[in-house]
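Number of protein chains: 2
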Amino acid sequence: MSRTHYCGEVSEAAIGQRVSLKGWVQKRRDLGGLIFVDMRDRSGIVQAVFNPEISAPATAIGETLRNEFVIHIEGLVVARSEGQVNAAMKTGKIEVQVDHATIINAAKNPPFAIDDQTEVSEDLRLKYRYLDLRRPSMYETFKMRSDITKSIRRFLDNEGFLEVETPILTKSTPEGARDYLVPSRVHEGEFYALPQSPQLFKQMLMVSGFDKYYQIARCFRDEDLRADRQPEFTQIDMEMSFKTMEEIIEMNERLMGIMMKDVKGVDIDAQFQRMSYTEAMDRFGSDKPDVRFGLELVNVSDLVKDSSFKVFSGAIENGGQVKLINVKGSAANYSRKDIDALGEFAARYGAKGLAWLKVEADGVKGPIAKFFEGEAATALTERAEAEAGDLLLFVADSASVVADALGALRMKFGKELNLIDNSVYKFLWITDWPLFEYDEKDGRYYAAHHPFTMPFEEDIDKLDTEPQNVRAQAYDLVLNGYELGGGSLRIYRRDIQEKMFKTLGFSDEEAREQFGFLMDAFEYGTPPHGGIAFGLDRLVMLLAGRTNLRDTIAFPKTASASDLLTSAPSPVSNAQLDELSLSLNVQNTEK
Amino acid sequence: MSRTHYCGEVSEAAIGQRVSLKGWVQKRRDLGGLIFVDMRDRSGIVQAVFNPEISAPATAIGETLRNEFVIHIEGLVVARSEGQVNAAMKTGKIEVQVDHATIINAAKNPPFAIDDQTEVSEDLRLKYRYLDLRRPSMYETFKMRSDITKSIRRFLDNEGFLEVETPILTKSTPEGARDYLVPSRVHEGEFYALPQSPQLFKQMLMVSGFDKYYQIARCFRDEDLRADRQPEFTQIDMEMSFKTMEEIIEMNERLMGIMMKDVKGVDIDAQFQRMSYTEAMDRFGSDKPDVRFGLELVNVSDLVKDSSFKVFSGAIENGGQVKLINVKGSAANYSRKDIDALGEFAARYGAKGLAWLKVEADGVKGPIAKFFEGEAATALTERAEAEAGDLLLFVADSASVVADALGALRMKFGKELNLIDNSVYKFLWITDWPLFEYDEKDGRYYAAHHPFTMPFEEDIDKLDTEPQNVRAQAYDLVLNGYELGGGSLRIYRRDIQEKMFKTLGFSDEEAREQFGFLMDAFEYGTPPHGGIAFGLDRLVMLLAGRTNLRDTIAFPKTASASDLLTSAPSPVSNAQLDELSLSLNVQNTEK
């Protein structure tokens, strides 16, 4: 008999019906001659009762069941007696009186319990990923992932976007992150690269007049991994022609609004907050600020520039700045030792020290209080909007160290002091980005986003002369302190693209060899275009309330880029290498 | 002013309105002081008229326009005068009186005309793919591709399938086609492989209880290419648990029915024809027969086994067979020379010769007629249901050569004699496949589908003893003579999977090393499961009426696996190779 219901969906409406269920043994209890089995499938759990008075053969099978056996049962749905009702369970008012039972497949005792309570090492989870994914919270995460893409696809389909697939075997370009390479068998000594994004192909589609493109696209970066990075990741990637930045932003606000309603059932602001990159760095010390709480950075450089406290005045003399955060009402809660620990935390972000003052009714206290007496103290506390009981933490350094260290401290206090309302989703656009970043070590400019980003029209003349002051027509979307994605208007004129490559240090020949097709395309009638890409894995992580990106990917890699389930990567045969005209510079451990 | 309409959508309803259009110059004609511009975007073409009496500045711009310029125009929509109406054009009853015009981007003269009439070499099309994709029929193909995936996704979403992404960086397994390899930087001397299909991962998801999975999945094979093969291709991939073959087939018939209705607007049979592999080979000489026409193969082995024509009787003595096709009414249309040419055609499929007879009122004629006189001739013509004027073509050889050669001849006549109704879509399931194919050259069995296919229950005992007689619980879907895809129930028990690997010649160690995780998984409670995968590229090709798979892929590779647009593959730097601990066995042409 085919399955009539999923386990979790046998409701009171089915009382009096015979059902046929297929699923896994979650738990078996023997009690007073009866056998109770919690039977599980992706939808949830239902209680099956084996009673020799109903069926002796079925009960004999019930006696042999162990956890994770795959079984098929048939039986009558009955109401549980009053005392047996389990209100915490979706199917807690009913049970199934088993009259037929079959073991479809037996199971060994699993290496860890299939539930959301048991703590399991991540390596074990990844090795037995097929068991890990049986845990209800994991299934829920992938259900949500599926729902998110479904919602986004429906929106983009309705908006007239065409889903187009772009190549995975593509060309290596040294600009950007490190490529994964794929040796060619046909073209000896040559390589494909896996794409870091479909950027150039989606631009080509705009040149083709496709007008609106999207793709849920796999992307690849061979970079050292962190908890929020994977070798392959998924982007919600889109591009459109003839649209202004305002139009692109407005459409994506509607997209996010509908998706949040579909997936989380919440209404978010129709218009998102916007902030320039400069303002975000200034107020929050971050280009992806969590604006669900205050605790903003306060610039006191002007107040302390002539201070006799040389750490402050010296930093400013060296072109740096002095900022503080005011941890309201926390003076009494932080001992010297606690603050020393905060200093160590700040040091991880490059701060050479963490100065502090405790505000009291009659002035400020602490080791550096002697430098700030009378009016100096008043000026500081007024600027910091501080009152008695507040703790002021200062960092004096280059602007970027101040931002990093105080920005990180701000986030730390936000969490520890419960300043953040976790039920709130605060979307935020960051705009007015610099087009370039200067790398001191390499002595050259890099593209802050990518080399195809359109500068502000009025800044185009500065590409040659003062690249550090060129602003980009770029926009990042931030959610609760995480970068969800970023986009920009693109360069669509050959002369600007050539200038861009020149500023990035490309010779004419290098530019032509790597991006000649793009610049050629610009000469055959290219429309203005722009787009955006969102990180799907991170979006799922945030909406599913996960903290590890790996929990949002069905078969992720470890921090050393291994798949513990299938044992990839692995050695290959010499015959395979020969076909590719490759030799290893290491001992081959041929399999 | 933002765009108000797509060009092809300015209809009579817009008469009297001012519109704002952005698009490409398809063609410009100057006539009697006016300038007529056919303006194009993805939706089609509209006529814009530049008239100095309406706007002298706009007309001055109109005079500078050339093909493929990107322009923005604004103006009033007016009805064309009676004589100017173009009924062949969607927008042929109206035109736009331009009062404002801007050149957004100029264009060089393209290397080929942007229309569907001009013949262009494929290399040139691929090099300038961004121009090739501007051709209306190309856009229509990708629109259809997008519509097909949209329809299929909607169906599978409604059926409770979960879309799950599986890895692209995975493990190399020597069984099957050649893998594309990706060297690992972190694990020196080791490699990932790009997946030939998500087969094992989708099976793992079934072990996880995900129950119903689908993915529009990119797959990769490093094989020598033909017109209908690409290094990367896309599968509509699905898998489900606890379903019988009948249930899987029935669901996929509904899927195809809805998709055909959505995309082509046609109603197809609710239940598809079914045929065993043996019957298909026997009647049509093909495992993917086009059943839109007859011209079936007729077995005459029993009639000719004692013939004095040694080619026939000898073939049967050697264990082969003799079959014919009856080309109705064609005797008069094929000269000896024509038939010699057919013989050369058959030779490409391995036939050593093509015997023939022309049926006349008083017997059969032709070089071998002397062997078939009186009753022998009658027996043949009766079996062939032949009458005067028919042409009988015979192949005598091994069963596989007979099938290949006559199957190919059948298709050739089907096309040349217009026996095929191209408006018809005939879906057909091929079932009862052999589980193995024996390779004479390698002296071993290979899996006819893949090593995870479930044998018929009643054949499991034959895995060890007579593998050639084991049938597979596999099913292919054929549309109009093309294999759309194939699927099977899968092995879900360790003992059967072990037997399977053994028959395929794996040592225990090899099986464990490559597929240990799969066999382990089978021991932790694996449900019975099965699925299917369809080739999306081929499906698009058939429904869009294309003959070249490359026309269904936005950025395809050539027959030598090159991307002519971006010049991939390409040499990489020695630094990149060093990081991967690789050396080339060929001269490095470092870029």
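The listed protein sequences correspond, in order, to chains A and B. Taken in order, the first sequence gives residues 17 to 607; the numbers are from the working numbering. Taken in order, the second sequence gives residues 17 to 607; the numbers are from the working numbering. A virtual CB, placed ideally from N, CA and C, is assigned to each residue, including glycine. Predicted model, so just to flag it, every value in this text is computed and none were measured.
Residue contact with chain B for L505(A): absent (no Cβ-Cβ distance below 8 Å to any residue of chain B).
Between H466(B) and I507(B), the alpha-carbon positions lie close to 11 Å from each other.
Distance from the CA atom of V327(B) to the CA atom of Y454(B), rounded to whole angstroms, is 27 Å.
At least one CB atom of chain A sits nearer than 8 Å to the CB of S188(B). In the three-state scheme derived from DSSP, where H, G and I count as helix and E and B as strand, I548(B) is classed as strand.
Distance from the CA atom of L593(B) to the CA atom of L172(B), rounded to whole angstroms, is 43 Å.
In the displayed model, F249(A) falls within a strand according to three-state DSSP. Looking at the DSSP output, R506(B) sits in a beta bridge with T469(B). Taking a Cβ-Cβ threshold of 7 Å, the residues of chain B close to P199(A) are L197, in chain order.
If you draw a straight line from the Cα of L81(B) to the Cα of R44(B), it is about 7 Å long. At the C-beta level, E514(A) and A527(A) come within 8 Å of one another.
Between I77(B) and A117(B), the gap from beta carbon to beta carbon is short of 8 Å. Among the CB atoms of chain B, none fall inside 8 Å of the CB of G91(A). When C-beta atoms of the stretch 358 to 366 of chain B are compared with those of the stretch 421 to 438 of chain B, three or more pairs fall below 8 Å, so the two segments count as touching. Taking a beta-carbon distance threshold of 8 Å, H21(A) does not count as an interface residue toward chain B. The beta carbon of E499(B) sits closer than 7 Å to those of K304 and D492, all from its chain and outside the five residues before and after it, given in chain order. Bridge partners of H88(B) according to DSSP: K38(B) and T118(B). Measuring C-alpha to C-alpha distances from T294(B) to each of D54(B), I446(B) and E376(B) identifies I446(B) as the nearest. Interface with chain A (8 Å Cβ-Cβ cutoff): H203(B) is included. For the 8 Å CB-CB criterion, I168(A) and Q113(A) do not form a contact. Listed along chain B, the residues sitting closer than 7 Å to V588(A) by beta-carbon distance are S188, L197 and F207. Those residues of the stretch 40 to 74 of chain B placed with their C-beta closer than 9 Å to a C-beta in chain A are W40, V41, R56, D57, R58 and S59, ordered along the chain. The continuous alpha helix (DSSP H) containing F429(B) extends over residues A415 to E432. For I184(B), the nearest beta carbon of chain A is closer than 8 Å to its own beta carbon. Under the 8 Å Cβ criterion, the stretch 554 to 569 of chain A counts as touching the stretch 152 to 165 of chain A, having at least three qualifying pairs.
Under the three-state reduction of DSSP, Y229(B) is assigned to strand.
Residues are counted here when their Cβ sits less than 9 Å from a Cβ of chain A; for the stretch 365 to 388 of chain B the count is zero.
In the three-state reduction of the DSSP assignment, Y146(B) falls in the helix class. When secondary structure is reduced to three states using DSSP, S167(A) falls in the helix class. With 16 or more neighbouring CB atoms inside 10 Å of its own CB, M275(A) falls in the buried class. Distance between S439(B) and D553(B), taken at the CA atoms: about 20 Å. For K374(B), the closest of L407(B), V486(B) and K428(B) by C-alpha to C-alpha distance is L407(B).
Rounded to the nearest whole angstrom, the C-alpha separation of P126(B) and E84(B) is 8 Å. For the pair I87(B) and V41(B), the CB atoms are nearer than the 8 Å cut-off. Taking a C-beta cut-off of 7 Å against chain B, the contacting residues of the stretch 109 to 140 of chain A are I120, N121, A123, K124 and P126, listed in chain order. Less than 8 Å separates the beta-carbon of Q231(B) from that of D253(B).
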